[in-house]
Structures are given as C-alpha cells and as structure tokens.
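*Asks:* To start, I am sharing the structure in question, which I have written as structure tokens.
There are 2 protein chains.
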Amino acid sequence: MLNERSLTVHQDCDQCPIRHRAVCARCESDELERLEEIKYYRKFEAGQMVIWSGDKMDFVGSVVSGIASLTQTMEDGRTQMVGLLLPSDFVGRPGRLTAAYDVIATTDLVMCCFRKSPFEEMMLRTPHIAQRLLEMTLDELDAAREWMLVLGRKTAREKIASLLAIIARRDASLHMTTRAQDGSVAFELPLTREAMADYLGLTLETVSRQISALKKDGVIVLAGKRHVTVPDLERLMEEAGDDTDGGMLV
Amino acid sequence: MLNERSLTVHQDCDQCPIRHRAVCARCESDELERLEEIKYYRKFEAGQMVIWSGDKMDFVGSVVSGIASLTQTMEDGRTQMVGLLLPSDFVGRPGRLTAAYDVIATTDLVMCCFRKSPFEEMMLRTPHIAQRLLEMTLDELDAAREWMLVLGRKTAREKIASLLAIIARRDASLHMTTRAQDGSVAFELPLTREAMADYLGLTLETVSRQISALKKDGVIVLAGKRHVTVPDLERLMEEAGDDTDGGMLV
DNA sequence: CGTTATTTTGACGCTATTCAAAACCAGTGG
DNA sequence: CCACTGGTTTTGAATAGCGTCAAAATAACG
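Chains as they are written, first to last, in our numbering: chain A, 443 to 692; chain B, 443 to 692.
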C-alpha cells in the first residue's frame with residue numbers, strides 16, 4: 443500500500459538531522475557510504491501503520507522526524523504502548539524474522555530504512571554499527587525499566603506528571619526549545635489523550651481528569667488542548683514522584 | 443563486606459553450566475582463556491545486596507546459579523522489581539559508571555564476575571562478546587516490554603497467572619523439569635509473596651488472595667506454600683490473558 | 001517451645017474504571 | 001456564513017477492584 447508520498451528522494455547523510463545520534467552515529471565516512479547504498483526513505487502519515495505485529499520484517503531503520511509508537515494489543519482489545527520512538531530511535535530487531543509489536547506513526551513520520559539482510563550482513567562487518575546499536579538498546583532497556591516503575595507503582599496523577607516531565611526533558615534536550623528566563627518550559631503534546639492513556643496504563647477519561655486537576659492546581663498551564671506550559675519544572679518532577687535532587691544516572 | 447563465603451575458587455569455563463547461554467556463549471577457546479584471566483566468582487546469600495543503586499560499579503558479570511532481582515525504589519518506599527535475573531543473565535552495564543538499580547540476591551547466588559574496565563577493553567577487541575551481549579540485551583528489552591503490558595493492562599488475577607506461566611515456561615526450558623505425561627507442570631516458587639507483589643505492582647495481600655482464588659478454581663494446586671503444580675498449562679495461559687494459540691515470536 | 005517471618009483472611013475505603021452524555025473543535029459542503 | 005459531520009476532550013454518577021489496616025493462622029528457626 444505505497445502511495446506516492448511514502449517514497450522520498452535519496453538524501454545525503456552529511457546533512458542528516460539525526461546523523462550524530464542514530465545507529466550510524468559512530469560510522470566513518472567510508473562506512474557511511476556503504477550504508478547510503480542500502481538506505482531509502484519512507485514517509486508515513488499520522489495514524490498509519492508502519493509495521494504489524496507478527497508480520498515479516500523486511501527492513502529496519504531510524505526515525506528521522508516525527509513520532510512513532512510501539513504498542514502491544516491483547517485479544518480483547520486492551521492495548522499498552524511499550525515504547526515511544528523519537529527522532530534517531532531505531533526500529534526493528536536484527537536477527538529476528540517477524541515483528542513483535544505494532545509500530546504506528548503517531549505524527550507524520552519520516553524513516554530512514556535499510557533492507558534487513560544487507561543491514562545484518564553489514565553489522566557483522568562493521569563494529570561501529572553494532573557498538574552503537576548496543577549502546578542504544580541499553581538506553582532503551584533503561585527507559586523501559588524506568589517506565590515499569592511508572593506503570594506498576596505510580597498513581598494516575600504521578601503517571602501524567604511523569605509523562606509530561608519526560609516530554610519536557612526530551613523536548614528541551616532536542617531543540618533548545620521555548621525555555622523562558624523564568625525557568626518555565628513550553629511544548630506541544632504530540633499525543634492524544636487516548637495515546638497517553640495507552641502509554642500510562644490508564645483510561646482516557648482518567649487522563650483527562652488528571653490533566654484538568656494538574657491545571658487547576660497550577661502545575662501546568664494549557665493553551666488549547668495540546669499546548670502545555672510548565673511554570674516550574676521542579677514542581678512537576680515532585681508531582682511525578684521523582685527524585686528532584688538530581689538523578690544519579692551518570 | 444566480604445565474608446569468606448563470598449569468594450570461591452577459580453573454575454574452568456569448559457564445565458560451566460551457563461557456558462552456552464551467557465555473554466561468553468560465542469567465544470572461541472582462546473577468547474575464553476583471556477576471559478578466564480579476569481574472571482572471579484562471588485557468592486551471595488539469599489537477601490544479600492549485590493549492588494546498590496547509585497554506587498560505583500566496579501564489576502559486571504553473569505548469574506551462574508540462583509536468582510537475583512533488579513529493583514527500583516521511590517523515596518517513600520514504594521518498590522518495583524524491574525527484572526528477574528536467572529542463571530546466564532548478565533548484570534551491569536558496560537559504559538556506565540554507577541548502577542541504576544539495586545541488585546538483590548533473591549536466593550543463594552553465585553556470580554561469575556569480571557572487573558569492569560578490563561571487560562570493557564576486551565569487549566572492544568572481541569566482537570563475539572559484544573554480539574552476544576547485544577543479542578541478550580535485545581531479549582531483555584523484549585521481556586521488559588512484555589512486562590509493561592502485564593503491569594499496565596492486566597488484572598491482579600491475570601498478573602499472577604502471567605508470573606506463574608513465565609516461571610513454568612522458564613523452568614521447563616532450563617532443566618527438563620517435572621513435566622508429567624498428562625501435561626501438568628510442577629515447580630518451586632523462588633519468590634516470597636512480597637517479592638511477587640513487587641514484581642507485579644500489587645500488594646502482598648492481593649497476591650495472596652489471587653493465589654488462593656486460582657487454587658480454589660483448580661488452575662493451580664499447592665503443596666505447601668511454595669510448591670506449585672499446574673494441571674493444565676493452557677488453562678493457566680488463558681487466565682493470564684495470553685494468546686494461547688502459540689506465540690508468534692520466532 | 002517460644003520467637004519471628006511469612007502467609008492468609010476479613011472489613012472497609014479510595015482510586016480508577018465504566019457507562020453515559022455533553023462540550024468542543026476542525027473540516028466539509030451547502 | 002452556517003449547519004452538519006466525525007473525532008477529541010471534558011464532565012458526571014455509579015461501580016468494581018485493589019489497597020489499607022488489622023488480626024489470625026501457618027511455617028521457619030533457634
């Protein structure tokens with residue numbers, strides 16, 4: 443089901459926005475050249491399915507721009523988001539035939555794809571790729587485990603605060619975003635209430651209620667439904683139940 | 443705080459019970475020899491702390507026998523287990539200075555340790571180690587994500603059933619365990635009710651109640667508090683809310 | 001046999017879910 | 001410009017499920 447918009451022209455790795463963070467981050471120029479031979483871009487519109495759980499995976503790749511989600515679904519329809527894929531994040535698992543999760547484009551999405559078997563071959567010959575992938579996978583594992591604490595032990599209010607804090611932090615690190623001199627942070631919510639609920643293990647009604655509560659209590663300020671301003675990030679982190687006095691992850 | 447029992451004699455890798463599954467699984471004999479130079483064994487008693495979150499990590503290693511748990515704790519004492527470390531599982535994260543989680547010996551535990559910086563050095567020169575570690579980390583990531591569904595979306599009863607199913611499956615794969623001809627499976631629970639609660643994001647009272655309920659409904663049979671018999675594994679999987687018709691993870 | 005840890009059971013309360021309806025919003029076409 | 005549509009979000013009321021507190025029962029241990 444490729445429409446015209448799902449294919450894009452070849453683009454140079456040098457000017458790639460995720461050049462220094464993606465799986466190719468450690469590659470030398472000659473290694474990049476070989477990667478360029480097997481890479482191609484694909485575009486997806488918001489809501490589109492990128493990969494179906496159980497399907498054969500014929501490519502792996504990196505998120506270039508936009509957001510995708512990894513979700514798991516039970517027979518009766520309950521769904522849990524198990525990962526949020528941001529620019530530079532890697533999709534797919536070398537060494538496995540079929541996809542374990544649904545991958546859905548949450549926003550409009552551009553991916554840099556590699557056909558799977560050439561990529562796997564190249565990984566064997568190119569330690570720089572395997573090393574970087576290991577590093578990224580370890581980071582993802584940490585993120586997944588951090589999220590297990592959120593899912594297992596936090597209240598609905600803390601869950602919402604945790605999600606907002608994560609988005610705020612990431613947004614701040616990515617593009618030196620709207621961070622006013624008074625220390626307030628502002629960002630656009632990339633997720634619907636339902637997507638937030640699926641990420642947090644809540645219902646969308648509870649998400650809505652808790653956002654309203656945080657707003658009433660002045661922890662956040664809303665402009666429209668999606669634009670969030672956090673006057674005091676420390677306050678938000680406290681609400682999230684996180685160690686406010688500096689994380690120890692060095 | 444090393445007591446005498448925490449150190450053990452050097453032992454040959456050839457006869458190691460986790461030789462084919464641990465981080466060293468792909469090593470050639472010459473690579474093993476170099477590993478043997480930097481390895482040493484440590485024993486821990488049930489309940490002992492192996493690593494404290496935030497502490498400097500000066501070693502990494504593999505679980506040889508016994509069970510350890512990775513847990514995260516909030517300031518107010520709420521705790522969530524984020525990983526169950528079984529024989530052959532890897533502990534520690536190359537490339538990071540301090541530990542992100544508490545590691546606790548759930549049962550008596552033997553670990554095969556490597557001093558961290560020699561191991562990191564060796565990883566750079568030995569693709570076989572890095573490759574295997576990547577593979578193991580990807581598996582752990584999958585396990586963590588599977589667990590996110592359990593924590594986020596399953597009921598207390600389903601959570602208990604899921605845990606029992608996991609232990610049963612693993613026990614069956616490890617040592618061709620007590621699997622009677624009628625298809626029933628039996629195993630020893632390696633966790634206290636409290637540890638189960640910490641893993642499942644429940645209270646120990648709820649764990650106890652749900653185990654009683656599963657017992658009353660004939661899904662499991664208890665001999666003592668810890669010895670579990672599962673007459674019908676399919677039935678247990680249904681109770682866990684899992685796809686009973688064969689998982690698609692190939 | 002007493003002491004302590006672990007587990008079970010009960011009664012009650014609270015949080016989050018469920019079901020339902022209304023408000024809001026963006027887009028489309030008359 | 002307005003009415004109509006479908007999707008998203010908010011709000012309300014009632015309920016269920018799990019947590020909390022308390023106490024008893026059981027097992028482990030010296």
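In this text, a Cβ means the ideal position worked out from N, Cα and C, and glycines have one as well.
Does M578 (chain A) come within less than 7 Å of chain B when only Cβ atoms are used?
*Replies:* By this cut-off, M578 (chain A) is not an interface position.
*Asks:* When DSSP labels each residue in this structure, what does I662 (chain B) get in the three-state scheme?
*Replies:* The answer is coil: DSSP assigns I662 (chain B) none of H, G, I, E or B.
*Asks:* Could you please give me the residues that DSSP links to Y483 (chain A) through a beta bridge?
*Replies:* In the DSSP output, where bridge partners are listed per residue, Y483 (chain A) has A:C554.
*Asks:* Alpha carbon to alpha carbon, how far is I460 (chain B) from S530 (chain B)?
*Replies:* So the alpha carbons of these two residues sit roughly 5 Å apart.
*Asks:* Measure the beta-carbon distance from L605 (chain B) to Y641 (chain B) and round it to whole angstroms, keeping in mind my assumption that it falls under 8 Å.
*Replies:* Indeed they touch by this definition, with Cβ atoms about 7 Å apart.
*Asks:* Identify which residue in A:M523, A:V506, A:T579, A:S507 has its Cα closest to the Cα of Q514 (chain A).
*Replies:* It is A:M523.
*Asks:* For K498 (chain A), I'd like the list of residues in its chain whose CB is within less than 7 Å of its CB, leaving aside the five on either flank, ordered along the chain.
*Replies:* L539, T540.
*Asks:* Does the beta-carbon distance from K485 (chain B) to V592 (chain B) come in below 7 Å?
*Replies:* No, the Cβ-Cβ distance between K485 (chain B) and V592 (chain B) is not below 7 Å.
*Asks:* Looking at C-alpha atoms only, which residue of B:P536, B:G508, B:L646 is the closest neighbour of E410 (chain B)?
*Replies:* This structure does not reach residue 410 (chain B), given that chain B is present from 443 up to 692, and the question cannot be answered.
*Asks:* Rounding to the nearest angstrom, what Cα-Cα distance links A603 (chain B) and A510 (chain B) in this structure?
*Replies:* About 21 Å.
*Asks:* Nearest to P569 (chain B) by CA position, among B:C469, B:M590, B:E681, is which residue?
*Replies:* Per the Cα distances, B:C469.
*Asks:* For the beta strand (DSSP E) that M590 (chain B) lies in, which residues bound it at each end?
*Replies:* From DSSP, M590 (chain B) is part of no beta strand (DSSP E) but of the alpha helix (DSSP H) over 569-595.
*Asks:* Mind checking K601 (chain A): buried by the 16 CB within 10 Å criterion, or exposed?
*Replies:* By the 10 Å Cβ count, K601 (chain A) comes out buried.
*Asks:* Do K481 (chain B) and F556 (chain B) have their C-beta atoms closer together than 7 Å?
*Replies:* Against a cut-off of 7 Å, the Cβ pair of F556 (chain B) and K481 (chain B) comes out as a contact.
*Asks:* Below 7 Å between beta carbons: does that hold for L583 (chain B) and E582 (chain A)?
*Replies:* In contact: L583 (chain B) and E582 (chain A) (Cβ atoms closer than 7 Å).
*Asks:* When the cut-off is 7 Å and only beta carbons count, does V627 (chain A) lie next to chain B?
*Replies:* Closer than 7 Å: no.
*Asks:* Could you give the distance in angstroms between the alpha-carbon of T548 (chain A) and the alpha-carbon of L512 (chain A)?
*Replies:* Cα to Cα, the separation comes out at about 10 Å.
*Asks:* Quick one: give me the first and last residue of the beta strand (DSSP E) that M516 (chain B) is part of.
*Replies:* Where M516 (chain B) is concerned, there is no enclosing beta strand (DSSP E), given that its DSSP letter is neither H nor E.
*Asks:* Taking only beta-carbon positions, decide if L605 (chain B) is within less than 7 Å of chain A.
*Replies:* Chain A, which has no Cβ nearer than 7 Å to the Cβ of L605 (chain B), makes this no.
*Asks:* Between the Cα of R476 (chain B) and those of B:I571, B:I653, B:L580, spot the shortest distance and give me the residue it belongs to.
*Replies:* Nearest C-alpha to R476 (chain B): B:I571.
*Asks:* Comparing alpha-carbon positions, which option in A:K667, A:I662, A:V545 lies nearest E676 (chain A)?
*Replies:* Nearest C-alpha to E676 (chain A): A:I662.
*Asks:* List the residues that DSSP assigns as beta-bridge partners of S507 (chain A).
*Replies:* Answer is A:V552, bridged to S507 (chain A).
*Asks:* Leaving aside the five residues before and after S507 (chain A) along the sequence, list all residues of the same chain whose C-beta is less than 6 Å from its C-beta, in chain order.
*Replies:* Correct list, in chain order: P529, V552.
*Asks:* Report the partner residues of A547 (chain A) according to the DSSP bridge assignment.
*Replies:* Partner(s): A:A510.
*Asks:* Quick one: does V524 (chain B) have its CB under 7 Å from some CB of chain A?
*Replies:* With 7 Å as the cut-off, V524 (chain B) counts as an interface residue toward chain A.
*Asks:* What residues from chain A crowd round P459 (chain B), counting only those whose CB sits closer than 7 Å?
*Replies:* Going along chain A, no residue has its Cβ under 7 Å from P459 (chain B), so there is no contact; the nearest lies around 25 Å.
*Asks:* Residues in its own chain within less than 8 Å of R599 (chain B) by CB, not counting five upstream and five downstream?
*Replies:* Hits under 8 Å: Q652, A655, L656, E681.
*Asks:* Quick check on DSSP: helix, strand or coil for E446 (chain A)?
*Replies:* In this predicted model, E446 (chain A) has a pLDDT of only 42, less than 50, meaning its place in the structure is not dependable enough to derive any value.
*Asks:* Inspect the beta-carbon positions of S504 (chain B) and A467 (chain B) and report whether they are closer than 7 Å.
*Replies:* Going by C-beta atoms, S504 (chain B) is not nearer than 7 Å to A467 (chain B).
*Asks:* Answer yes or no: does any C-beta atom of chain B fall closer than 7 Å to that of M590 (chain A)?
*Replies:* Yes, contact with chain B.
*Asks:* Could you say which of B:T634, B:P673, B:T645, B:L576 lies nearest to G660 (chain B) if we only look at CA atoms?
*Replies:* The option with the nearest alpha carbon to G660 (chain B) is B:P673.
*Asks:* Residues of the stretch 549-570 of chain B in Cβ contact with chain A at a cutoff of 9 Å, in chain order, please.
*Replies:* Within the stretch 549-570 of chain B, the residues whose Cβ lies closer than 9 Å to some Cβ of chain A are M565, L566, P569, listed in chain order.
*Asks:* Does any residue of chain A bring its CB to less than 7 Å from the CB of R574 (chain B)?
*Replies:* No, R574 (chain B) lies away from the interface with chain A (no Cβ there is under 7 Å from its Cβ).
*Asks:* For R595 (chain B), decide whether its Cβ has a neighbour in chain A, counting only Cβ atoms nearer than 7 Å.
*Replies:* Taking Cβ atoms only, chain A reaches closer than 7 Å to R595 (chain B), which makes this a yes.
*Asks:* Can you tell me whether Q573 (chain B) is buried or exposed? The criterion is at least 16 other CB atoms within 10 Å of its CB, across all chains shown.
*Replies:* Buried is the call here.
*Asks:* For L656 (chain B), which three-state DSSP category applies?
*Replies:* If DSSP states are grouped into helix, strand and coil, L656 (chain B) belongs with the helices.
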